[in-house]
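Student: Attaching a single structure in structure tokens format; questions to follow.
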Amino acid sequence: MSAHIWESIAIAAAIIAAFGLGAWIRRRFSAVRARATEAERKVALLTQIAPSMTEASMDSVAATCGRVVERFETLVGADVILCFVDVDGRPVLGAKSDVGYAGFLRVGEGYEGDSILTWTQNRSTAALTGPCEADVPPDVAIADLSKEADGARLGGPLAGSRDRVWALCMPMTLYRGYGLRPACVGAIYAERKREIPFTHGDLRTAGLISRLAGDALARARFADAVRKESEIDPLTQLLTAGAFRKRLREEIEKRRYDAGPASKDIALFFIDTDQFKSWNDTFGHTVGDMLLKRLAETFQEVASSGGFAGRNGGDEFCIALFDRTKDDAVETAERLRAKVEKSDLMGASQVSPARRIPVTISIGVAHFPVDVPPNSAAPADRLLEAADACMYESKRCGRNRVEFSRVRALPREVRYPGEGPIPRR
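So the number in the numbering used here is just where the residue sits in the sequence shown, counting from 1, plus 51.
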């Protein structure tokens with residue numbers, strides 16, 4: 052071959068190589084641009100999801116579940132959205148959308164049955180099922196139950212048939228350690244009509260929401276546990292003194308300025324266990340604690356009719372009852388006193404009948420707004436002081452009594468700026 056031919060071949064090869072290099076660069080540039088676009092999308096999603104999840108997780112599990120449903124509805128969308136929380140291995144409904152059959156479900160109820168939810172919870176794996184084979188992107192870990200061996204048996208929607216809807220279930224998980232299956236702390240369940248399948252973008256967004264929701268739900272559980280520890284007395288399971296006072300203030304503030312027809316009445320019982328020190332000194336603290344638990348159960352039963360109960364400390368308790376006149380409150384307190392006196396609260400204990408000390412209580416009753424006018428300063432504190440004073444009066448009068456003020460409190464005169472006598476010069 053002549054040198055001219057070889058030169059032409061070399062030029063052609065160089066041109067082909069240049070075109071190939073250009074095509075490779077374009078493909079690489081397109082891939083980088085796609086990754087950058089996806090990264091921007093994820094950052095944008097994070098800014099829409101993370102702040103609200105973090106804020107809700109500092110509140111409660113219920114608030115976190117509600118925020119999960121709200122974010123999923125906004126960013127993914129579905130006809131039915133349910134957020135379940137794992138409680139001792141059982142899914143319990145934590146929040147829901149109000150469309151379709153979800154409106155008939157009750158928050159706080161557990162779910163029983165074989166479905167895509169059970170499949171997801173048992174395996175800590177996301178799953179999707181519908182009327183045909185699902186279009187799942189290869190970079191998203193979601194099982195298509197229409198192709199799973201046990202999918203037809205276990206992977207159906209919560210209600211209805213897979214022939215009519217697309218059902219997606221995303222687990223909310225926590226990392227447990229290398230080589231261990233993540234712990235499933237809950238699940239997000241969503242349904243769409245068969246004509247509107249979940250797109251690749253929907254599935255990726257759902258995965259991001261579920262990952263962030265798992266961490267938020269774990270923090271919310273911790274916050275609930277800390278709150279319960281600070282607000283619930285561990286021995287009696289009643290409100291602590293601080294939590295009781297806070298609730299009492301809130302309830303009175305709601306009622307004192309309410310111009311509607313609703314009742315403003317709140318009756319307060321301040322209760323002291325008579326001769327409790329003798330119980331502890333004679334039978335020991337274990338028996339004394341048992342007595343307090345059983346008294347607390349009795350007080351909680353009274354409060355369950357409309358009100359709340361708390362342990363003030365030691366052997367003192369408080370009960371607040373809503374919408375009771377003072378007469379009704381005094382009658383209720385008298386029935387409670389008689390019930391405790393007649394009850395064999397220590398019947399199942401190891402205490403010998405010959406050594407038992409009678410269990411009685413002294414109760415002071417105060418009423419808002421009869422004993423404490425609505426325009427009083429710090430009415431909740433004054434109500435507690437009034438009930439406490441009546442309780443001490445019942446102890447001075449021999450214990451095992453109900454005492455209350457027989458004089459109605461006079462409304463405190465409220466003066467506004469500009470009122471009153473004109474000062475003389």
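Beta carbons are placed, not taken as given, at the ideal position from N, Cα and C, and that holds for glycine.
Checking 7 Å against the spacing of the C-beta atoms, do G145 and V136 come in under that value?
Tutor: Taking the first residue of the sequence shown as 1, we reach residue 145 at position 94. Taking the first residue of the sequence shown as 1, we reach residue 136 at position 85. Yes, they are a contact pair.
Student: With DSSP collapsed to three states, give me the class of A185.
Tutor: Counting from one through the sequence shown, the residue named residue 185 turns up at place 134. Coil at A185, not helix or strand.
Student: Out of curiosity, what's the CA-to-CA distance linking R272 and R447?
Tutor: Mapped onto the sequence shown, residue 272 falls at position 221. Mapped onto the sequence shown, residue 447 falls at position 396. So the two alpha carbons sit approximately 46 Å from each other.
Student: So if DSSP puts F455 in a beta bridge, which residue, or which two residues, is it bridged to?
Tutor: Translated into the one-based positions of the sequence shown, residue 455 becomes position 404. DSSP output for F455 lists V416 as bridge partner(s).
Student: Work out the CA separation of A438 and F321 for me, nearest whole Å.
Tutor: As a position in the sequence shown, residue 321 is number 270, starting the count at 1. As a position in the sequence shown, residue 438 is number 387, starting the count at 1. Those two C-alpha atoms are separated by around 5 Å.
Student: Give me the Cβ distance between T176 and A194, rounded to the nearest whole Å; I'm assuming they're in contact under 8 Å.
Tutor: Locating residue 176 in the sequence shown gives position 125, counting from the first residue. Locating residue 194 in the sequence shown gives position 143, counting from the first residue. Correct: roughly 6 Å between the Cβ atoms.
Student: With 16 as the cutoff for other CB atoms within 10 Å, does V381 come out buried or exposed?
Tutor: By one-based count along the sequence shown, residue 381 stands at place 330. It counts as buried.
Student: What number of angstroms, rounded off, separates the C-alpha of W217 from the C-alpha of L209?
Tutor: The residue labelled residue 217 in the question sits at position 166 within the sequence shown. The residue labelled residue 209 in the question sits at position 158 within the sequence shown. Answer to the nearest angstrom: the Cα atoms are 11 Å apart.
Student: What residue range does the beta strand (DSSP E) around A360 cover?
Tutor: To locate residue 360, count along the sequence shown from 1; it is residue 309. Per DSSP, A360 belongs to the beta strand (DSSP E) from 358 to 364.
Student: Per DSSP, what are the beta-bridge partners of M223 in this structure?
Tutor: Position 172 of the sequence shown holds residue 223. In DSSP, M223 forms a bridge with G237.
Student: Mark C183 as exposed unless 16 or more other C-beta atoms lie within 10 angstroms of its C-beta, in which case mark it buried.
Tutor: Locating residue 183 in the sequence shown gives position 132, where the first residue counts as 1. With fewer than 16 Cβ atoms within 10 Å of its Cβ, C183 is classed as exposed.
Student: Looking at the strands, I want to know which residues DSSP matches up with F135.
Tutor: Your numbering for residue 135 matches position 84 in the sequence shown. Paired residues: L144, A238.
Student: Could you name the residues of the same chain whose beta carbon sits closer than 6 Å to that of A241, not counting the 5 residues immediately before and after it, in chain order?
Tutor: In the sequence shown, residue 241 corresponds to position 190, counting from 1. Answer for A241: A129, I132, L219, listed in chain order.
Student: Quick check on K328: buried or exposed, where buried means 16 or more other Cβ atoms within 10 Å of its Cβ?
Tutor: Against the sequence shown, residue 328 aligns to sequence position 277. So K328 ends up on the exposed side.
Student: When you compare each of Y226, V353, G358, K279 to E301 by their alpha carbons, which one comes out closest?
Tutor: In the sequence shown, counting from the first residue as 1, residue 301 sits at position 250. If we check each option's Cα against that of E301, G358 comes out closest.
Student: Does the distance from the CB of V191 to the CB of G293 come in under 7 Å?
Tutor: As a working note, residue 191 is residue 140 in the sequence shown. As a working note, residue 293 is residue 242 in the sequence shown. Not closer than 7 Å, so no.
Student: Can you round the beta-carbon distance between A440 and L299 to whole angstroms, since I take them to be within the 8 Å contact cut?
Tutor: Translated into the one-based positions of the sequence shown, residue 440 becomes position 389. Translated into the one-based positions of the sequence shown, residue 299 becomes position 248. The pair is not a contact, with the Cβ atoms about 16 Å apart (cut-off 8 Å).
Student: What residues in its chain sit with their C-beta under 7 Å from that of D366, if we drop five residues either side in the sequence?
Tutor: Here residue 366 refers to the residue found at position 315 when the sequence shown is read from its first residue. Within the same chain, D366 has close Cβ partners D323, T324, F327, L343.
Student: Given a threshold of 16 other Cβ atoms within 10 Å of its Cβ, counted over all protein chains shown, does V458 qualify as buried or as exposed?
Tutor: Within the sequence shown, the letter at position 407 stands for residue 458. Answer is exposed; the Cβ neighbour count stays below 16.
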